[in-house]
Amino acid sequence: MLTPKQNFYESAKGLNPDRYSNQYEALRLHFHPALLHLGSPMKGEENKVNAWGVTFSYPENVPGAFPVHTPEKIVIKDIEHWRDYVHAPSLDFKDEEWQFLNDILAKTDNNLVWRAPFVAPGLFEQCHHLGEIQNTMVNLMCYEDEMHDLIKYLTEYELKMAEGICTHMKPNALFHHDDWGSRTSTFMSPEMFEDFFVDAYKQIYGYYKSHGVELVIHHSDSFGATLVPDMIEMGIDVWQGCMSSNDLPNLTRKYCGKIGFMGGFDGADFDTPDWTPEGIKEKVYALLDQCTPKAFIPCIAQGGPGSIYDGVYDAIMAAIDDYNVEHFGVKREEIVRAPLQYEKNGYM
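Dropping the structure here:
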């Protein structure tokens, strides 16, 4: 039987996996100094200002922190003068910080998992974190030059971050966030997306791949089927977070071998207070029956291991294991995976 790491790669590349890869079993999302210095809030914290000057709150029973955009808290007050407001935090870190995190990563079995730095927010998210979502969408339409310049500035920041990560941590995979849509639609047309973001991401993902990264996993828990050709052009190997609204059975067959799809289990359908193991198993089996492990990695759609409600993530994992035993002849006693730690000790 293939290791989780091997099986994930086979699915990502449309080759010959011997079963469905099971959620994040093959990934360890690890921290890096830029993420630790970002100043993101912990669950329950409100109105915390991060290193970019963006105010965030992290309520209970949500998957992550959200920016607070009351008028006085919006960073970019005037897009025509964005340089007066946007100041990237330093990316100069001491060697001791890199070594501390590398010492933690050294304890992970590199034969079982891909070690992927966790990079968030992405370019579009950073734009609307700084400028507020409605303002940002208007600015993309009405202030094209200013938005191109802002995105170039953010891209240069990401490239410097990538240089530090690749130099000091030498990852073999990347896990990068940037949400590009809602559950039912993308936030912009493919034409607008291509104008502003495709070349920027080609630079960022191209840098990682030219410095030893074999797999780029991009998180966008949304509808995004119309952007899949752009994702392929950017160099994305796995789209994580693809929701069920994307017609995954069709996408996995159409793009098998060009990009892998990781998701399918929307939080609104799975991660709810009234969940049951039986209900989760029924829904997991229904989707796996329609897809193929050659291009699909079943997973909770949110951008990291775990769930809002205790037990949901583990119930999904157990259902996928059961399916693999029943449909692919996997022997339960041969399922080997590295211990999964949730946001502890510098990795997930």
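Here this note's numbering is used: the first residue of the sequence shown is 1408, the next is one more, and so on.
All residues carry an ideal CB built from backbone N, CA and C; glycine is no exception.
Owing to the predicted nature of the structure, the values given are computational and were not obtained by experimental measurement.
Proximal residues to residue i (C-beta, below 7 Å), its chain only, five neighbours per side dropped
| i | result |
| --- | --- |
| Cys1698 | Leu1655, Pro1656, Thr1659 |
| Phe1463 | Ser1447, Pro1448, Lys1455, Asn1457, Ala1472, Phe1473, Pro1474, Val1475 |
| Pro1597 | Thr1633, Leu1634, Asp1637 |
| His1439 | Leu1508, Pro1524, Ile1572, Met1576 |
| Glu1539 | His1476, Ile1481 |
| Tyr1614 | Leu1566, Ala1569 |
| Ala1419 | Leu1622, Asp1644, Val1645, Gly1667 |
| Glu1504 | Pro1440 |
| Tyr1492 | Val1482, Ile1483, Lys1484 |
Nearest to residue i (by Cα), restricted to the options the options
| i | options | result |
| --- | --- | --- |
| Leu1443 | Arg1426, Glu1453, Ile1486, Phe1500 | Phe1500 |
| Gln1430 | Lys1412, Gly1446, Gly1421 | Lys1412 |
| Glu1461 | Pro1424, Phe1525, Lys1450, Glu1532 | Note on identity: in this sequence residue 1461 is Val, with Glu being the wrong assignment. If we check each option's Cα against that of Val1461, Glu1532 comes out closest. |
| Asn1579 | His1494, Lys1738, Ser1629, Leu1434 | Leu1434 |
| Gly1421 | Pro1700, Gly1736, Ile1727, His1625 | Pro1700 |
| Asp1728 | Ala1745, Leu1409, Ser1428, Ser1617 | Ser1428 |
| Lys1484 | His1535, Asn1517, Met1548 | His1535 |
| Asp1585 | Asp1556, Pro1528, Met1641 | Pro1528 |
| Pro1466 | Asp1491, Lys1450, Ser1418 | Lys1450 |
| Met1599 | Asp1678, Met1548, Thr1543, Leu1581 | Met1548 |
| Val1369 | Cys1663, Asp1628, Asp1516 | In the structure as shown, the chain starts at 1408 and stops at 1755, and residue 1369 therefore has no counterpart that could be examined. |
Residue i (DSSP reduced to helix, strand or coil)
| i | result |
| --- | --- |
| Gln1647 | strand |
| Ser1392 | The chain is shown only over 1408 to 1755; residue 1392 falls outside these bounds and no answer can be derived. |
| Arg1435 | strand |
| Ser1592 | coil |
| Asp1384 | It is not possible to answer for residue 1384, since the shown part of the chain is limited to 1408 through 1755. |
| Met1724 | helix |
| Pro1684 | helix |
| Val1469 | coil |
| Val1456 | strand |
| Asp1602 | helix |
| Ala1607 | helix |
| Leu1422 | coil |
| Tyr1614 | helix |
| Asn1518 | coil |
| Lys1690 | helix |
| Trp1489 | helix |
Own chain, CB closer than 6 Å to residue i, minus 5 neighbours either side, in chain order
| i | result |
| --- | --- |
| Pro1496 | Ala1458 |
| Asn1546 | Ile1486, Met1554 |
| Leu1445 | Asn1457, Ala1458 |
| Lys1688 | Ala1726 |
| Asp1673 | Met1650, Ser1651, Ala1708 |
Paired residues, beta bridge with residue i - DSSP
| i | result |
| --- | --- |
| Cys1534 | Per DSSP, none; premise fails for Cys1534. |
| Met1669 | Gln1647, Ile1704 |
| Leu1622 | Ala1580 |
| Phe1500 | In DSSP, Phe1500 forms no bridge with anything. |
| Ala1523 | Leu1436 |
| Ser1464 | Phe1473 |
Cβ shell of residue i (< 8 Å), same chain only, five flanking positions each side left out
| i | result |
| --- | --- |
| Val1732 | Lys1738, Arg1739 |
| Phe1630 | Gly1588, Ser1589, Arg1590, Thr1591, Ser1592, Thr1593, Met1650, Ser1652, Asn1653 |
Please list the segments of the alpha helix (DSSP H) lying wholly inside the stretch 1527–1582, counting only runs of 4 or more residues, in order along the chain. 1530–1538, 1540–1549, 1551–1575
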